[in-house]
Ligand code: G3H
Ligand code: 13P
Ligand code: ZN
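Have a look at this one:
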């Protein structure tokens, strides 16, 4: 059942984080639902601009509606990931989404507030909530490239002003993570001190951690052993740190890259080991199972596994 993102945040805040996973196709969709039911977790489906142009808006909506029937136990929200104004407005008008993210974090503060407020007003009028972003993550975000060195962490005082003036319902904070497979080198990691400062100034307000893939070394090694060429220095977020971020206000954790690594490993190994096979449904089925296992594992790390009963109870479902 599709619920609002706000409803999930109210249940989760301070107790567990909700996994927000991107989908682009049938296999990811089915694997995601299966993994969340296997682990009894609520979840957020994320649709990026790239996914909308790859699969088409209508097909994505159809996939989600069909999965909802295939997995009637599932409780989830549907969210636009890194939207611009046009994408957010289109999603708000469509009546299908639970929430949107307006990402104007590349703009100066005043412009970011102005753009965010525009989307907030339209979204609230239709009962949707809005995630905004303040500060800049490193790495590649849609078509905007932010140099890792210039990625600036979210300023806690600015965060308070931003939330008050924009009216947003949750905030994506820059605390050291970045998108993609190359997040950290050496001993770099999440800036928990900065996260704590933001949470102290915004108690009870849901914070969002983008760029939360962990880029497992063994996954990269298997891909490379099957013909891939991913830089083995690729490094992500320690998945054991998710639970540390929960009491610091992190309520939504975005994971996409790790799922792409699962896809790449499954398909590279399949075609390496079965060079005569050309039925794509065979590796597709393996991927669905492997992705479901991956999702269930992440939900354990987020603390969202086993929470479906609590969500049902608190939402009166
Ligand atoms: O933050 C970006 C997400 O990983 C989505 O990636 O824009 O390539 O679909 P995408
Ligand atoms: P990763 O690239 O770490 O998976 O981050 C995904 C994300 O933040 C989507 O918004
Ligand atoms: Zn992101």
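Residue numbers (my numbering): 3 to 319. Every residue gets a Cβ at the ideal spot worked out from N, C-alpha and C, and that includes glycine. As the structure is a computational prediction, the values presented were derived from the model and not from experiment.
Is it buried or exposed, residue i, if we count other Cβ atoms within 10 angstroms and call 16 or more buried?
| i | result |
| --- | --- |
| residue 240 | exposed |
| residue 281 | exposed |
| residue 108 | exposed |
| residue 56 | exposed |
| residue 103 | buried |
| residue 201 | buried |
| residue 251 | buried |
| residue 315 | exposed |
| residue 292 | buried |
| residue 211 | buried |
| residue 151 | For residue 151, the pLDDT reaches just 49, beneath the cut-off of 50, and the residue's location in the model is therefore unreliable, although a value from the coordinates is still provided. Result: exposed. |
| residue 185 | buried |
| residue 204 | buried |
| residue 133 | buried |
| residue 101 | buried |
If you drop the 5 nearest sequence neighbours on each side, which residues of the same chain put their C-beta closer than 7 angstroms to that of residue i?
| i | result |
| --- | --- |
| residue 154 | 137, 138, 176 |
| residue 216 | 238, 239, 240, 241, 260 |
| residue 120 | 87 |
| residue 106 | 113, 114, 117, 118 |
| residue 142 | Low confidence applies here, because residue 142 scores a pLDDT of 49, under 50, leaving its location unreliable; read the following figure in that light. So the list reads 181, 182, once near-sequence residues are dropped. |
| residue 230 | 266, 270 |
| residue 27 | 57 |
Per DSSP, what are the beta-bridge partners of residue i in this structure?
| i | result |
| --- | --- |
| residue 136 | 175 |
| residue 83 | 50 |
| residue 210 | 174, 254 |
| residue 24 | 48 |
| residue 78 | 4, 45 |
| residue 1 | Residue 1 is absent from the structure shown; the chain starts at 3 and stops at 319. |
| residue 131 | 101 |
At which residues does the alpha helix (DSSP H) containing residue i begin and terminate?
| i | result |
| --- | --- |
| residue 66 | 59-72 |
| residue 313 | 310-317 |
| residue 264 | 259-275 |
| residue 184 | From DSSP, residue 184 is part of no alpha helix (DSSP H); its letter is neither H nor E. |
| residue 112 | 111-127 |
| residue 219 | 219-227 |
| residue 301 | 283-304 |
| residue 158 | 158-168 |
| residue 247 | 244-247 |
| residue 190 | Element bounds for residue 190: n/a, residue is neither H nor E. |
Following the continuous beta strand (DSSP E) through residue i, name the residue where it begins and the one where it ends.
| i | result |
| --- | --- |
| residue 102 | 101-104 |
Which same chain residues end up closer than 6 angstroms to residue i when comparing Cβ atoms and leaving out the 5 residues on each side of it in sequence?
| i | result |
| --- | --- |
| residue 31 | 25, 65, 69 |
| residue 243 | 192 |
| residue 319 | none |
| residue 8 | 131 |
| residue 298 | 37, 40, 41 |
| residue 296 | 264 |
| residue 171 | 131, 132 |
| residue 198 | 250 |
| residue 224 | 267 |
So, for residue i: in the same chain, excluding its five sequence neighbours on each side, which residues have a beta-carbon less than 8 angstroms away from its beta-carbon?
| i | result |
| --- | --- |
| residue 221 | 260, 263, 264, 267 |
| residue 226 | 232, 234 |
| residue 301 | 21, 37, 38, 41, 43, 45, 307 |
| residue 124 | 90, 91, 94 |
Less than 8 angstroms between CB atoms is the rule here; does residue i satisfy it with respect to chain C?
| i | result |
| --- | --- |
| residue 231 | Protein chains in the displayed structure number just one, and chain C is not present. |
I want to check one thing, is the minimum distance from the CB of residue i to the heavy atoms of the ligand ATP below 7 angstroms?
| i | result |
| --- | --- |
| residue 24 | Although the ligand ATP was asked about, the structure shown includes only the ligand G3H, the ligand 13P and the ligand ZN as ligands. |
* Asked: Would you say the region 8-27 touches the region 291-308, given that touching needs at least three Cβ pairs under 8 angstroms?
  -> These segments touch.
* the region 308-317 contacting the region 39-48, beta-carbon criterion three pairs below 8 angstroms -> Yes, the region 308-317 is in contact with the region 39-48.
* Asked: Three or more beta-carbon pairs under 8 angstroms between the region 79-93 and the region 159-168, yes or no?
  -> Counting Cβ pairs under 8 angstroms, fewer than three are found: no touch.
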